[in-house]
Amino acid sequence: MDNAKRQITPGERDKVIVQTSVIGIVTNVALAGFKAAVGLLANSIAVLLDAVNNFSDALSSVITIIGAKLAGKAPTKKHPLGYGRIEYLSALIVSAIVLYAGVTSLVESVKKIITPEEADYSILSLVIIAVAVVVKLILGLYVRRRGKAVDSTALVASGSDALFDAILSTSVLACALVARFTGLSLEAYVGVVISIFILRAGFGMMAETVSDILGQRTDADTAKEVKSILSSLPGVRGAYDLVLNNYGPNKNYGSVHIEVPASMTAEEIDRLTRRAETEVYRATGIVLTGIGIYSFNEENGDAASIRERVKEIVLAHEFALQTHGFYADAASKEMRFDVVIAFDTDRAEALATLSKEVSEAFPDYTVRITPDVDVSD
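Take 254 as the starting number for the sequence shown in the numbering used here and just add one per residue.
The following block contains the structure:
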């Protein structure tokens, strides 16, 4: 996330989304009207379906505005983390509308294949379709650029969809030219192709939105940036177990573990964690709601050698992705550490295997292993 995006306030972001969406609504409604008129006059199913697609785009923009407004509501006692996830619900509704438009278009196209009707295009019809292609192209580039400026996936998706619509409209124009100058009617078949692309786009939007709602793996670059910031702080040996929870666009809360010397006092740790929270927020906009502590006693030579041997034993298994948080207490003969276990592994079996091998290597020690989930890079 770059500095320009972080400087945009939620109010400014909502304003950009609404303004851009309104422009999209007006443009798509106008295009839908012109194309519907051309389709009716020319008796063209392809042009009519293209008009339906433009109208669904306009309706999608309306829902995007409503979603942005509701998502921008201030947190309440009932929903203390805000209403940001409403944007994902609105995106789900938009994808359902797109799917409905695709199914309707496919049914009508198949009907036209079964009972074909000859289309008749005028020069004016061809000009209107050509202008629509250019308008869609400009609209798509504009909306996508504005979406990237405010980090709005909804606007970026709308812009990309508009660019894709320009391609579909170009195919309709080509079909119209062929029909006018050769008499060959490809209307219904082009309509089927358009319908398939609309359905594909709808399923893609729905899958992405559902993935957002379920919760996706933390972006690798973001995870590395956060861990790099934390690891650079004085006394921090490493950062692990980063978990980010998303509550809407640009609303991320997280927790993490950092490894610090066992000799650190509570006051020093308090000062360190507060600094960590501040620096991570300034750099990424992520709010760290919890920072756990691992202690390490590297000044103890025996502990260091034991740690290296344990690491060698653990990482010899492919299912063990990482080990961290190691601490060995020579006085009480106890060692503890965490292991990140791959998802495609039986966790209980993996844990039993590691416990057995480490215990056999250090029979005098009580071994305590905490299994971690591979949630971030």
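Cβ atoms here follow ideal geometry from the backbone N, Cα and C, with glycine treated the same way.
Looking only at C-alpha atoms, which of Pro-624, Ala-614, Phe-615 and Ala-581 sits nearest to Thr-598?
Counting from 1 along the sequence shown, the entry for residue 598 is found at position 345. When each option's Cα is compared against that of Thr-598, the closest is Pro-624.
Applying the 10 Å Cβ sphere with the 16-neighbour rule, what's the burial state of Arg-560?
Position 307 of the sequence shown, counting from 1, holds the residue named residue 560. Burial check for Arg-560: the Cβ neighbour count within 10 Å reaches 16 or more, so the residue is buried.
Taking buried to mean at least 16 other C-beta atoms within 10 Å of its own C-beta, is Leu-495 buried or exposed?
The residue labelled residue 495 in the question sits at position 242 within the sequence shown. So Leu-495 counts as buried.
Around the Cβ of Val-592, are there at least 16 other Cβ atoms within 10 angstroms (buried) or fewer (exposed)?
What you label residue 592 is simply residue 339 of the sequence shown in a count that begins at 1. Buried, since its Cβ has 16 or more Cβ neighbours within 10 Å.
Hey, would you say Ala-385 sits closer than 9 angstroms to Lys-288, going by beta carbons?
Here residue 385 is taken as the residue at index 132 of the sequence shown, counted from 1. Here residue 288 is taken as the residue at index 35 of the sequence shown, counted from 1. In contact: Ala-385 and Lys-288 (Cβ atoms closer than 9 angstroms).
Do Tyr-580 and Tyr-547 count as a contact pair if the criterion is CB distance below 9 angstroms?
Your numbering for residue 547 matches position 294 in the sequence shown. Your numbering for residue 580 matches position 327 in the sequence shown. Yes.
Restricting to Cα atoms, I'd like to know which of Phe-549, Lys-477, Val-567 and Glu-532 is closest to Met-517.
The sequence position of residue 517 within the sequence shown is 264, counting from 1. Answer by Cα proximity: Phe-549.
Buried or exposed: where does Arg-524 fall if 16 or more other Cβ atoms within 10 Å of its Cβ makes it buried?
Start at 1 with the first residue of the sequence shown, and residue 524 comes out as number 271. Classified as exposed, Arg-524 has fewer than 16 neighbouring CB atoms from the shown chains inside 10 Å of its CB.
Note the first and the last residue of the continuous beta strand (DSSP E) segment covering Tyr-395.
On the sequence shown, position 142 is the one that residue 395 refers to. Here Tyr-395 belongs to no beta strand (DSSP E); instead the alpha helix (DSSP H) covers 376–402.
In the DSSP assignment, what are the bridge partners of Phe-590?
The sequence position of residue 590 within the sequence shown is 337, counting from 1. In DSSP, Phe-590 forms a bridge with Ile-622.
Which residue marks the beginning of the alpha helix (DSSP H) containing Val-533, and which one marks its end?
Here residue 533 corresponds to residue number 280 of the sequence shown, with the count starting at 1. Run containing Val-533: 519–537, per the alpha helix (DSSP H) assignment.
Throw me the rounded Cβ distance for the Leu-237 and Val-567 pair, which I believe falls under 8 angstroms.
This structure gives no information on residue 237, because the portion of the chain shown stretches from 254 to 630.
Buried or exposed: which applies to Val-347, given that a residue is buried once 16 or more other Cβ atoms fall within 10 Å of its Cβ?
Counted from its first residue, the sequence shown places residue 347 at position 94. Counting of Cβ neighbours within 10 angstroms places Val-347 among the buried residues, the total reaching 16 or more.
Which whole-angstrom value is the C-beta distance of Asp-617 and Ala-595, which I expect to be below 8 angstroms?
If you number the sequence shown from 1, residue 617 lands on position 364. If you number the sequence shown from 1, residue 595 lands on position 342. Taking 8 angstroms as the upper bound for CB-CB distance, Asp-617 and Ala-595 are not in contact here, some 30 angstroms apart.
Would the beta-carbon of Ala-475 fall within 9 angstroms of that of Leu-497?
Within the sequence shown, residue 475 is the residue found at index 222, counting from 1. Within the sequence shown, residue 497 is the residue found at index 244, counting from 1. Note on residue identity: the sequence assigns Thr, not Ala, to residue 475. In contact: Thr-475 and Leu-497 (Cβ atoms closer than 9 angstroms).
Under a three-way DSSP split, which group does Gln-469 fall into?
Taking the sequence shown and counting its residues from 1, one reaches residue 469 at position 216. Coil, per DSSP.
Rounded to a whole number of angstroms, what is the C-alpha to C-alpha distance between Thr-329 and Ala-344?
Numbered from its first residue, the sequence shown carries residue 329 at position 76. Numbered from its first residue, the sequence shown carries residue 344 at position 91. Thr-329 and Ala-344: Cα-Cα distance of roughly 23 angstroms.
Go through its chain and collect everything with a Cβ distance to Tyr-395's Cβ below 8 angstroms, but skip five positions before and after it.
The residue given as residue 395 occupies position 142 in the sequence shown. So the qualifying residues of the chain are Thr-273, Ile-276 and Gly-412.
Please confirm if the stretch 457–464 is in contact with the stretch 476–483, defined as three or more CB-CB distances below 8 angstroms between the two stretches.
No, because fewer than three Cβ pairs between the stretch 457–464 and the stretch 476–483 fall closer than 8 angstroms, the two stretches do not touch.
For Tyr-336 versus Gly-501, is the C-beta distance shorter than 9 angstroms?
On the sequence shown, residue 336 is found 83 positions in, with the first residue counted as 1. On the sequence shown, residue 501 is found 248 positions in, with the first residue counted as 1. Yes. Within cutoff.
Quick one: measure Cβ to Cβ for Ile-511 and Ile-544, integer angstroms, because I've assumed they're closer than 8 angstroms.
Numbered from its first residue, the sequence shown carries residue 511 at position 258. Numbered from its first residue, the sequence shown carries residue 544 at position 291. Rounded, the Cβ-Cβ distance is 6 angstroms, consistent with contact.
Smallest Cα separation from Ala-427: which of Ala-402, Gly-444 and Asp-414?
In the sequence shown, the residue the question calls residue 427 occupies position 174. The candidate whose alpha carbon is nearest that of Ala-427 is Gly-444.
Determine the direct distance from the alpha carbon of Ile-482 to that of Arg-470, and round the result to whole angstroms.
Translated into the one-based positions of the sequence shown, residue 470 becomes position 217. Translated into the one-based positions of the sequence shown, residue 482 becomes position 229. Taking the straight line joining both Cα atoms gives about 20 angstroms.
Tell me, which residues are paired with Pro-333 by DSSP?
Sequence index remark: in the sequence shown, residue 333 carries index 80 (1-based). In DSSP, Pro-333 forms no bridge with anything.
What is the rounded straight-line gap between the Cα of Ser-405 and the Cα of Thr-462?
On the sequence shown, position 152 is the one that residue 405 refers to. On the sequence shown, position 209 is the one that residue 462 refers to. When rounded, the distance between both Cα atoms is 13 angstroms.
So, for Gly-320: in the same chain, excluding its five sequence neighbours on each side, which residues have a beta-carbon less than 6 angstroms away from its beta-carbon?
For the purposes of this step, residue 320 is taken as residue 67 along the sequence shown, with counting starting at 1. Around Gly-320: Ile-339, Glu-340 and Ser-343.
Among Ala-410, Ile-366 and Leu-293, which residue has its Cα nearest to the Cα of Ile-270?
The residue you call residue 270 lines up with position 17 of the sequence shown. Comparing Cα-Cα distances from Ile-270 to each of Ala-410, Ile-366 and Leu-293, the minimum goes to Ala-410.
Tell me whether Arg-528 is buried or exposed, calling it buried when 16 or more other Cβ atoms sit within 10 Å of its Cβ.
Start at 1 with the first residue of the sequence shown, and residue 528 comes out as number 275. Arg-528 counts as exposed, since fewer than 16 other beta carbons sit within 10 angstroms of its beta carbon.
What distance in whole Å lies between the Cβ atoms of Ser-358 and Ala-441, which are believed to be in contact at a cut-off of 8 angstroms?
In the sequence shown, residue 441 corresponds to position 188, counting from 1. In the sequence shown, residue 358 corresponds to position 105, counting from 1. In fact, because the Cβ distance is near 11 angstroms, the residues do not count as touching under 8 angstroms.
In angstroms with no decimal places, state the Cα-to-Cα distance between Val-611 and Gly-491.
Sequence index remark: in the sequence shown, residue 611 carries index 358 (1-based). Sequence index remark: in the sequence shown, residue 491 carries index 238 (1-based). The alpha-carbon atoms of Val-611 and Gly-491 are separated by roughly 23 angstroms.
Where does the unbroken alpha helix (DSSP H) through Ala-492 begin, and where does it stop?
For the purposes of this step, residue 492 is taken as residue 239 along the sequence shown, with counting starting at 1. Segment 491–499 is the beta strand (DSSP E) holding Ala-492; no alpha helix (DSSP H) there.
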